[in-house]
Amino acid sequence: MALEEVVVVDVENNNANNNEVIIEQNKGKKLSLPKKLRRYDSLEMERFTTTSDTHASKGPSMSVILALAFQSLGVVYGDIGTSPLYVYQSIFTNGIKHNDDILGALSLIFYTITLLPVVKYVFIVLQANDNGQGGTFALYSLLCRNAKVGLIPNQQLEDAEVSNYKLVLPNNREKIALWLKSMLESSHFLKLVLLMATMLGTSMVIGDGVLTPCISVLSAVGGIKEAAPRISNDMIVLISVAILVCLFMFQRFGTDKVGYTFAPIMCIWFTFIGGIGLYNFIKYDPTVIKAINPKYILDYFTRNKKDAWISLGGVVLCITGTEALFADVGHFTIRSIQISMCSVTYPALILAYMGQSSFLRKHNDLVRETFYKSIPDPLYWPMFVIAIMAAIIASQAMITGTFSIIQQSLSLGCFPRVRIVHTSAKYAGQVYIPEVNYFLMIACIAVTVGFKTTANIGNAYGIAVVFVMTLTSSFLVLLMIIIWKTHILLVLSYVIIIGFVEIVYLSSVLYKFDQGGYLPLAFAALLMFIMYVWNDVYRRKYYYELDHKISPQKLQDIVADSNVSRISGLALFYSELVQGIPPIFKHYVENVPALHSVLVFVAIKSLPISKVPMEERFLFKQVQPKALNVFRCVVRYGYTDVRNEQEPFEKLLVERLKEFIAGEFLVSYQEILDGKTEENLNVNNEVQEVIGEERLQEAIEKEIEAVEVASRAGIVHLIGENEVIASKGANIGKRLLIDYSYNFLTKNLRQSDKIFYIPHKRMVKVGMTYEL
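As structure tokens, this is what we get:
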């Protein structure tokens, strides 16, 4: 066999400088070896990775940023952009009692939009992105990387060397940061609280994905009564349901061109609502500009007291979809979202609400139809059509966001197995999940038919919005202290100002719990129960495998057993266990006493980062003695990486394995040249028999030839299918959790082979029962 490719292997030394080993198949050339090579040992794995230098990019040009800012209009702002459809009718549910109450409401809207979406999210929260990815899950991932708060003990020293993993650790002088970090790491209860808070945030955003289509479409379609008053509410509901069904049916086609497709529509929408708002402002009452004075907020509360506090549940609807600013940052850039928000969305919304306020100052009795009544007659039908389209866009953005969040949750073992379909070869973050899509469609139809009016849905909507914002603030404060090492006075200022506003809004929306507010909480409770059951048993299984893993000596005995025959081929044995050989392997050999000539134990591992570069994905270790041809491999993915669908996984693994073997051989040879003994090196005889660099390449080719021959003979995928049951003597709670809840989910969801796209003709399932 000839070594056709150039193999480059980096070996790290203590000074963090990389030494390159280059093997070239050029006649007449000698191998060039570095003076020093060394192994790097972690807790249980001798690591030899194939990596490449990672160079920081200069960032996108201004033209690219402006193009992304334009695209973001069609993806990020659909929800918050359509809020003028229903905000005023949600604030004044019992009508306007005093004309100056309109100024108080406008002042509340102005400062709410300015303080939360602009100040908090655009200029603060966006800075807390995880390598460009946003959302509650990204915040939790940052905490997991900087402090040991994860509940699965699969951390490795090698993980910190992934180029996207690096963080600035707290300075030792920052006592508060170190104290808080230590407290989180030492408390299992606090780790569980952080995980549950992440699940809650995820559940609330999914709930947002259900409620946004309902309230947006229902509000937009309701405008038809302006032109056809005889249309009943039931007919409006049926039309809304028909639109929702069509919306969800088209999800399978993906959102590859959603930005350029929807951005022009949203530009027209923002131009219309801003222009109409300016027209109404000038025509009816320009004096509403004085609402910038916060004094009108105090006057509003003085006049209305409890009713003013209750009305905050309607005010908060003016910032629906704000979390999308953060959750969708991975599709764009921070600067592009800042530009689009500050130059287009924010001015248009302020003008729209000022125009509606001016109109209401002259027409107090039209508060229930504020949006459509304030439109000049010639623009009614164009505005109606654009409103329907904008409502669909708002729904599309939250549905897509729901898919992305569930994809992220899967990587922590926090969500049952579902199929992830990547709808775009160009944008990895655009995904479609069939099961979740149908679930959302049924939930949306049920909510629309059940509630029928935007007022009741608004009560539920507000709770989902404020809950997610409050959780984001809680995580952000932890990041400020532990990672950013922000001055404590600035942290306190954030808590006092932003935190106080959000707590007040939260108390208001919870007041309407019995008027529809229970819906997102019940929905979140159901989702959290499913996520908790899955994650809890997932952790129990991991600890079971960790406690019953096969020792290296036992593995050698199994493989070297004369009763176990070796057959040609390469076997990939999948497991979630990172630190050793899973117990199911012994169960397999006892029932099938035959092993392939090359055996690789593959652990699919999710790192708490958004992406793992392809060249840094594989970690290998060879199980001693080398003659057994048994390897361990950890395949690392970020939570937005594509798994096995659009990448030649088998080919990549075999190529990386060959590079690892060549590099490992060279390390052993170099250590022999340095005078180290076989006892310390534990290398095979072939390495020691190599004399001179001339024979080194032949020895490496012979080692790699075994892998080549095995892969040509056939690659077999061995999948462990573990059935779990509660151990004997377990209490009723544990039996309900494992025997009923978890097993119900496993029986009704996809199997692992369908998740990782393993070819059925070369797949063997190995079953084993774990008593947890």
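Take 12 as the starting number for the sequence shown in our numbering and just add one per residue.
We treat Cβ as the ideally placed atom computed from N, Cα and C, and that holds for glycine.
Remember, predicted model here, so these are calculated numbers, not experimental data.
- In its chain, beyond the 5 residues on either side, I417, S420, M542, W545 have a beta carbon closer than 7 Å to the beta carbon of F426.
- When C-beta atoms of the stretch 661-673 are compared with those of the stretch 640-652, three or more pairs fall below 8 Å, so the two segments count as touching.
- In the displayed model, R430 falls within coil according to three-state DSSP, outside both helix and strand.
- Around R773, the same chain offers G725, I726, V727, H728 as residues with beta carbons nearer than 8 Å, after the five sequence neighbours per side are excluded.
- Judged by DSSP secondary structure, F584 falls within the beta strand (DSSP E) whose first and last residues are 576-586.
- 7 Å or more divides the Cβ of I217 from the Cβ of V232.
- Cβ contact annotation for I254 (same chain, cutoff 6 Å, sequence separation greater than five): V228, in chain order.
- For N315, no pairing in a beta bridge is given by DSSP.
- Rounded to the nearest whole angstrom, the CA to CA distance from D296 to Q367 is 10 Å.
- DSSP places L114 in the helix class (H, G or I) of the three-state scheme.
- Two segments are said to touch when three or more pairs of C-beta atoms, one from each, lie closer than 8 Å; by this definition the stretch 528-539 touches the stretch 470-481.
- Annotated three-state conformation of C644 is strand, per DSSP.
- With contacts defined by Cβ atoms closer than 7 Å, A302 and S118 form a contacting pair.
- By a beta-carbon distance limit of 8 Å, I235 contacts F395. Their separation comes to about 7 Å.
- If the five residues before and after I242 are omitted, its C-beta is found closer than 7 Å to the C-beta atoms of I235, K236, all from its own chain and listed in chain order.
- Proximity to F370 across T356, Y357, I386, I361 peaks at I386, based on C-alpha coordinates.
- About 6 Å separates the Cβ atoms of E556 and P594, confirming a contact at the 8 Å cut-off.
- Contact check for I743 and V548: beta-carbon distance about 16 Å, past the 8 Å limit, so the pair fails to qualify.
- Contact between the stretch 134-142 and the stretch 399-407 is absent, with fewer than three C-beta pairs closer than 8 Å.
- About 50 Å separates the beta carbon of L537 from that of R577, a gap too long to meet the 8 Å contact definition.
- Listed in chain order, the non-local C-beta contacts of K758 below 8 Å within the same chain number zero, local neighbours out to five positions each way being set aside.
- Straight across, the Cα-Cα distance linking L362 with V378 is about 18 Å.
- Under DSSP, V603 takes part in no beta bridge, so it has no partner.
- Take G106, set aside five residues on each side of it, and no residue of its chain has a beta-carbon closer than 6 Å to its own.
- Around P604, the same chain offers N574, V575 as residues with beta carbons nearer than 6 Å, after the five sequence neighbours per side are excluded.
- In the three-state reduction of the DSSP assignment, I620 falls in the coil class.
- Secondary structure at I386: coil, using DSSP grouped into helix, strand and coil.
- Excluding sequence positions up to five before and after Y585, its CB lies within less than 6 Å of the CB of V613, I730, all in the same chain and listed in chain order.
- DSSP places G731 in no alpha helix (DSSP H) but in the uninterrupted beta strand (DSSP E) bounded by 726-736.
- If you look at Q633, you'll find it in the beta strand (DSSP E) that goes 629-633.
- One thing to note: S722 has its Cβ no nearer than 7 Å to the Cβ of V775.
- Here DSSP, grouped into helix, strand and coil, assigns G528 to coil.
- Non-local C-beta neighbours of L191 in its own chain, meaning closer than 8 Å and more than five positions away in sequence, comprise L489, I492, I493, ordered along the chain.
- For I397, the CB contacts under 8 Å within the same chain, skipping 5 residues up- and downstream, are I276, I279, W280, F283 in chain order.
- Nearest C-alpha to T413 among E334, V623, N142: E334.
- M194 counts as exposed, since fewer than 16 other C-beta atoms from the protein chains shown sit within 10 angstroms of its C-beta.
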